[in-house]
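Under UniProt numbering, think of the first position of the first sequence as 1, with each following residue one higher. Glycine residues also receive a C-beta, built at the ideal position from the N, C-alpha and C atoms. This one's a predicted model, so the numbers in the text were calculated from it and none came from an experiment. Some notes on the structure that comes next.
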Amino acid sequence: MRIATFNINGLNARLPALLQWLEEKQPDVACLQELKTPHEKFPEEAINAAGYQAIWHGQKSWNGVAILVRGTEPVVEAGRGLAGDPEDAQSRYIEAAVNGVLIACLYLPNGNPAPGPKFDYKLQWMERLILRGAELLASGSPVVLAGDFNVIPTELDVYKPERWVNDALFRAETREAFGRLMAQGWTDSLRSMHPDEKIFTFWDYFRDAYGRDAGLRIDHLLLSPSLAGELKAAGVDRDVRGREKPSDHAPTWIELDR
DNA sequence: ATGTCGAATCGAATTCGA
Numbered sequence: 001m002r003i004a005t006f007n008i009n010g011l012n013a014r015l016p017a018l019l020q021w022l023e024e025k026q027p028d029v030a031c032l033q034e035l036k037t038p039h040e041k042f043p044e045e046a047i048n049a050a051g052y053q054a055i056w057h058g059q060k061s062w063n064g065v066a067i068l069v070r071g072t073e074p075v076v077e078a079g080r081g082l083a084g085d086p087e088d089a090q091s092r093y094i095e096a097a098v099n100g101v102l103i104a105c106l107y108l109p110n111g112n113p114a115p116g117p118k119f120d121y122k123l124q125w126m127e128r129l130i131l132r133g134a135e136l137l138a139s140g141s142p143v144v145l146a147g148d149f150n151v152i153p154t155e156l157d158v159y160k161p162e163r164w165v166n167d168a169l170f171r172a173e174t175r176e177a178f179g180r181l182m183a184q185g186w187t188d189s190l191r192s193m194h195p196d197e198k199i200f201t202f203w204d205y206f207r208d209a210y211g212r213d214a215g216l217r218i219d220h221l222l223l224s225p226s227l228a229g230e231l232k233a234a235g236v237d238r239d240v241r242g243r244e245k246p247s248d249h250a251p252t253w254i255e256l257d258r
């Protein structure tokens, strides 16, 4: 079973790129973030024609998440939205059960500029995710937390750490909260398969960041303890970032033995 | 500070968020 996460940065603008990648890689599950489209403008027919069923949580202009599943099996929906703040109108979280695995697709807030209200929102959102993570682990179900976490976990995950120490993606508060999530027992699948490699999943559009390989590793697939032993491979489809009209993220994937 | 995208707007350029 192959599960991928891909911040698409505008689903309708990027639909040809998405369809090409799905056709090439045929992941069993694809978690998408930054759809930037309202619910009713989701390109469901094109995605169905590509062989995928989808559930999504859209929003006008910003955010938006979706889970695509290959084949004819309907997606069993577990929920939209992250509990803990009834005032939160941003579409950043969706869960689905696929082949016995609970898949959570998330788009964690960027949080810049920091400090400030956007950073506060990010940290509060992380606390809510930590609570949901504990619930999911307590359920005993196999779980994958997949998405754009907007968190650079360590210095190995950024091309030039000293430039990012005050950025919301790398600040001490952010890494501390991410560390508390990980301490629940999650496995960082990319890092566990490649302990010492510099691996990036995002390259800014500015200043030819991709050409200079000035990237970040901020897209993650975290595995519950019950799934960690099933991890067979993990990687990044880097070349997708180098194509025409690319997203600023590359698809990131794992292969599970199931 | 810079730079570049996508989406939306009392639009044909500007803003917002990233």
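Locate the alpha helix (DSSP H) running through residue i, then write down its first and last residues.
i	result
L18	15-25
T5	It is not in any alpha helix (DSSP H) - T5 instead sits in the beta strand (DSSP E) that spans 2-7.
A89	Taken as a continuous stretch (DSSP letters only), A89 belongs to no alpha helix (DSSP H), as it is neither H nor E.
A214	Premise fails: A214 is in no alpha helix (DSSP H) and is neither H nor E.
A177	172-182
L190	189-193
Count the other CB atoms, across all protein chains shown, that sit within 10 Å of the CB of residue i; report buried if there are 16 or more and exposed otherwise.
i	result
N48	exposed
E73	exposed
R14	buried
L131	exposed
V151	buried
G215	buried
R163	exposed
Could you pull the start and end residues of the beta strand (DSSP E) that residue i belongs to?
i	result
E95	93-98
I103	101-107
R80	76-80
Provide the residue(s) that pair with residue i in DSSP beta bridges, ordered along the chain.
i	result
H220	G147
A46	Its beta-bridge partners do not exist; DSSP assigns none.
F202	L216, H249
H57	V65
L256	L231
A30	A4, L68
V236	T252
What distance in whole Å lies between the Cβ atoms of residue j and residue i, which are believed to be in contact at a cut-off of 8 Å?
i	j	result
M1	L181	Contact doesn't hold; Cβ gap of about 23 Å is too wide.
G147	C31	6 Å
G111	T174	7 Å
V76	A97	4 Å
Y52	R80	Going by Cβ atoms, the distance from Y52 to R80 rounds to 18 Å, so no, they are not a contact pair.
Q184	A228	So it is not a contact: roughly 13 Å between Cβ atoms.
T252	L190	7 Å
V29	L82	At roughly 19 Å, the Cβ-Cβ gap does not stay under 8 Å, so V29 and L82 are not in contact.
L145	L222	4 Å
N12	P38	So it is not a contact: roughly 10 Å between Cβ atoms.
3 or more residues per run - each beta strand (DSSP E) lying fully within the stretch 117-169: The qualifying runs are 143-148.
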